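**Q**
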Amino acid sequence: MNGFGYMFRPRYAKYAKSGIPFLILNIRNGPILVIPPSQLKSILGNPERIVEALAPRFENVSTAYTMRDPNIYLSSYGVDLVRKQITKWFSSMAQELAEEVLLAFDEYWGRRKSGRPFWHGHHFNILQREPSIILLSVFLSNEILQWLIEEGYITKNPGQVQSRRITHHLVMLNFDSVPPAGLTLPNALLDLYSAPPSEGFVETLRAECDKVLHGTPERYWTNDMVLKLHLVDSAVRESMRHSDFGSLAFASRVGAQGGIDIGGVKVP
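To convert, note that position 203 of the sequence shown is 202 in numbering that gives the first Met the number 0; the numbers rise steadily by one, no gaps.
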């Protein structure tokens with residue numbers, strides 16, 4: 000109850016680093032099998048019918064109670080959009096995302112505030128549709144809206160291209176950014192800065208960022224440049240493995256009848 004890490008880290012060091020899966024207890028969901036990093040890709044790369052990923056995550060964040068349209072949260076729009084479009088065209092959004100991160104650190108990190116003011120000038124548009132008010136950040140590019148419309152047409156379902164449903168998909172896509180930006184990044188920073196300074200983690204990662212950023216003529220972040228941040232990627236992944244949120248909220252579930260084999264262990 001006092002810290003997931005105290006229960007997780009000794010087992011991770013003893014078993015996972017030797018390629019052996021191990022169990023940890025969880026009050027809400029029961030025992031959870033932790034997969035060694037060496038086997039993650041082969042296990043999580045299975046189709047949804049073999050290893051379920053979306054359904055357990057929707058259950059953990061209670062989407063059935065927070066999203067009134069099941070056609071939104073049960074669809075794979077957000078996942079498909081991130082895989083096919085946002086990752087591919089990351090360069091067109093990198094600078095705006097970097098500005099958002101800088102704003103968060105410069106003005107809000109470490110302060111006792113409950114979020115940005117409800118109205119923040121030109122940074123938000125207010126769309127009054129039906130009884131609810133939806134706030135959309137204007138940095139969401141027109142390309143993302145276009146991609147959502149195209150995904151709707153691919154389904155050949157007229158209901159998927161209605162303005163109300165597209166708006167809900169857009170809000171859901173914004174929610175998809177919460178785990179990486181609002182939860183993963185702060186946890187990684189806390190892990191880095193709570194480590195012994197003598198380890199030099201922060202200085203090493205800062206040096207890698209400076210080297211990559213100043214080693215190209217653009218001098219601004221692109222997708223190719225982010226892919227060169229191997230140490231940063233490793234640090235964030237390691238933080239996620241030790242994070243209570245990352246370990247529990249993103250847990251997958253075996254969907255195959257008869258179970259699957261993980262490192263010689265039969266998992267039902």
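For every residue, glycine included, the Cβ atom is placed at its ideal position computed from N, Cα and C. Here the structure is a predicted model, which means the values were calculated and not measured.
If we ignore side chains and look at the alpha-carbon of each, how far apart do P46 and I153 end up?
**A** Residue mapping note: residue 46 aligns to position 47 of the sequence shown, counting from 1. Residue mapping note: residue 153 aligns to position 154 of the sequence shown, counting from 1. In this structure, the straight-line span from the alpha carbon of P46 to that of I153 is close to 21 Å.
**Q** By Cβ distance, which residues of its chain are closer than 7 Å to I19, with the 5 residues on each side in sequence left out?
**A** In the sequence shown, residue 19 corresponds to position 20, counting from 1. The answer, listed in chain order, is P35 and G262.
**Q** For S251, which residues from the same chain have a beta carbon less than 7 Å from its beta carbon, with the 5 sequence-adjacent residues on both sides left out?
**A** Looking up residue 251 in the sequence shown gives position 252. The residues are L43, V50, E51, A52 and P55.
**Q** So I148 and I165 are supposed to be a Cβ contact under 8 Å. How far apart are they, rounded?
**A** If you number the sequence shown from 1, residue 148 lands on position 149. If you number the sequence shown from 1, residue 165 lands on position 166. Going by Cβ atoms, the distance from I148 to I165 rounds to 6 Å, so yes, they are a contact pair.
**Q** Got a sec? Which residues, its chain only, sit under 6 Å from D190 by beta carbon, not counting five neighbours each side?
**A** Position 191 of the sequence shown, counted from the start, is the residue given in the question as residue 190. The answer, listed in chain order, is S238.
**Q** Which class does E207 belong to by DSSP, given the choice of helix, strand or coil?
**A** By 1-based counting over the sequence shown, the position of residue 207 is 208. Correct three-state label for E207: helix.
**Q** Let me know the secondary structure DSSP gives R56 once reduced to three states.
**A** Reading the sequence shown from its first residue, position 57 is the one you call residue 56. Here R56 sits in helix by DSSP.
**Q** Excluding the 5 residues flanking V211 on each side, which residues of the same chain have their C-beta closer than 8 Å to its C-beta?
**A** Taking the first residue of the sequence shown as 1, we reach residue 211 at position 212. The residues are M224, K227 and L228.
**Q** Please classify H121 as buried or exposed, where buried requires at least 16 other C-beta atoms within 10 Å of its C-beta.
**A** For the purposes of this step, residue 121 is identified with residue 122 of the sequence shown, where counting begins at 1. With a pLDDT of 42 at H121, under the threshold of 50, the modelled position of this residue cannot be trusted, and the question is left open.
**Q** Starting from K227, trace the alpha helix (DSSP H) both ways and give me its first and last residue.
**A** Here the question's residue 227 lines up with position 228 in the sequence shown. Counting along the chain, K227 falls outside any alpha helix (DSSP H), and DSSP gives it neither H nor E.
**Q** Report the residue from H168, W220 and R236 whose alpha carbon sits nearest the alpha carbon of N186.
**A** What you label residue 186 is simply residue 187 of the sequence shown in a count that begins at 1. Closest by alpha carbon: R236.
**Q** Is H213 buried or exposed, if buried means 16 or more other CB atoms sit within 10 Å of its CB?
**A** Walking along the sequence shown from the start, residue 213 turns up at place 214. That one is exposed.
**Q** Applying the 10 Å Cβ sphere with the 16-neighbour rule, what's the burial state of A15?
**A** By 1-based counting over the sequence shown, the position of residue 15 is 16. So A15 ends up on the buried side.
**Q** Let me check one thing: in DSSP terms, what residues is R48 bridge-paired to?
**A** Looking up residue 48 in the sequence shown gives position 49. Partner(s): none; R48 has no beta bridge.
**Q** Taking the straight line between their C-alpha atoms, what separation do you get for Q94 and E217?
**A** The sequence position of residue 94 within the sequence shown is 95, counting from 1. The sequence position of residue 217 within the sequence shown is 218, counting from 1. About 12 Å.
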